[in-house]
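In full-length UniProt numbering, the protein residues as written are 1 to 580.
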């Protein structure tokens, strides 16, 4: 028994050594020779897997990158080797044992170099986004080890699949030619695996996630309470009860500055800001929710305010309080925020389940607000602004074909972190010579992109815009490190323009100057960066914080009752952080 256990342990150690980066390049004892090409491909893919992307990584992201990267490298190299062998070409035969060993050692040394370089890159990347680095050599080694274990699991699944295909092909080969049997079995197993993963795994997981999100939506954030201002939905006077608002809606109407907070910060008289929020109630249509909004507009006297902002939330109903609080302070509270929840799922799942729901909700909300404004004499109408972050930006933007259509229906707009799949931003044509990371649209006449507040004044090269910024103004905020802005399916097969562009100082990019693109791996890395995009300080990743004050100051213009100064901005920012 002990001998068998010892033998099993030795085999396991041998397999582990054969799979471990660098070590596997010295010699292999356990895995069969026909895996040599795949393991070589996995070793080379490790270089790309530990290369930098947009954000510093926790260990589990490193593990996922290494596992998938090595798996793809193994598959690519093994497939190439199989194809070359099938046509009678074997490049490896041109190398003698000694040359082959030297090549393997050189590749292993390359892996060691890239691993050390990765540690330095992670430190530099953390500095670029002002984040304290918590990852050192130990956590990096844990990530590499976990990723290699994941790669081994993928190999095991692959070998089991190959064995099943071989056996079933032989069985089927009794009745049909072998040339037909193998493709039929492969297609059958693939379809079965897809059907099982879709029905048994993905749909059940999505259902479970939906139930969990629904439970969370019913909860109340610690520190939030029913507002006692009649100007807020969810208050005792509201037609939209506290219980209907959802978790994020309750948080939104509970938080935010009151008139006294605005007076304290600015030293001027202030009105009580109006916050109107319609929650997502299963069975209630968006049109019915919009009618609730209409009733709340009338109840609160919202149409007598100078400024109305239609603010679309992210998937779970979340509103960026930095944006909403910014214009509430700047207008002296003489404003209304109107919003409608369209899902209780996180944004990515809300989009996957129903990509039209955000747009439909925004359309109904805009319709109701505009109908109420149009009833007023033209000289008494409040100014209307659009705003949204992430999926909220997509919700409003993709209701319009172009910038002229959108700006014809509002007095200005501020959008932050619009996802890459937003058709509106894809249709905007940037001026020749401007960068994709910070496009110049029509000389900056109406639309301007910004990664930092100074971009409202100059482009990525520090040059003044060709035109003065005319009203209505639209500002689109996007960080170079915001993976949600840059990730799309095209990254799978094509190096994007923004990875090839220069990175002038005035761009204020918070990413590496040189990022390498590798098919699939870069797509996978930036996809994982999305999960980590909120785990960085404001002004980086998908976090748009203090900068929103300056963006709203520029877009509001004469509607802003306060002259925004660095001192006032600090006071307001201090309140918003405390209020969060």
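Note that CB positions come from ideal geometry on N, CA and C, so glycine has one too.
For residue 260, the enclosing alpha helix (DSSP H) covers residues 259 to 266. In this structure, 519 is the residue among 511, 502, 132, 519 with its C-alpha nearest to the C-alpha of residue 494. Of the residues assessed, residue 569 falls on the buried side of the cut-off, its CB having 16 or more other CB atoms within 10 angstroms. Here residue 458 is bridged, per DSSP, to 464. The way I'd put it, the region 64 to 74 doesn't touch the region 537 to 552; fewer than three beta-carbon pairs between them come closer than 8 Å. Within the region 288 to 375, the complete alpha helix (DSSP H) segments at least 4 residues long are 321 to 330, 347 to 353, 357 to 374, listed from N- to C-terminus. Rounded to whole angstroms, the gap between the alpha carbons of residue 353 and residue 523 is 22 Å. Membership of residue 526 in the alpha helix (DSSP H) is indicated by the continuous run 521 to 531. Here residue 475 is bridged, per DSSP, to 414, 448.
Spanning the alpha carbons of residue 141 and residue 116 requires a straight line of approximately 11 Å. Looking at the DSSP output, residue 386 sits in a beta bridge with 310, 413.
The region 344 to 363 and the region 221 to 228 do not touch, with fewer than three beta-carbon pairs separated by less than 8 Å.
The Cβ atoms of residue 319 and residue 386 do not sit closer than 8 Å to each other. Residue 366 and residue 379 have their C-alpha atoms spaced approximately 20 Å apart. A buried status is given to residue 69, since no fewer than 16 other beta-carbon atoms sit within 10 Å of its beta-carbon. Going by DSSP, residue 551 is part of the alpha helix (DSSP H) stretching over 547 to 556.
Beta-bridge partners assigned by DSSP to residue 275: 232, 337. Within its own chain, the residues whose Cβ lies closer than 6 Å to the Cβ of residue 389, once the five positions on either side in sequence are excluded, are 320, 416, 417, listed in chain order. The Cβ atoms of residue 130 and residue 540 lie closer than 8 Å to each other. For residue 279, the CB contacts under 6 Å within the same chain, skipping 5 residues up- and downstream, are 244, 245, 246, 249, 341 in chain order. Contact between the region 507 to 521 and the region 288 to 298 is absent, with fewer than three C-beta pairs closer than 8 Å. Contiguous beta strand (DSSP E) elements confined to the region 65 to 152 do not occur, taking only those with 3 or more residues.
Beta-bridge pairing by DSSP links residue 441 to 430.
Residue 577 and residue 150 have their C-alpha atoms some 40 Å from each other.
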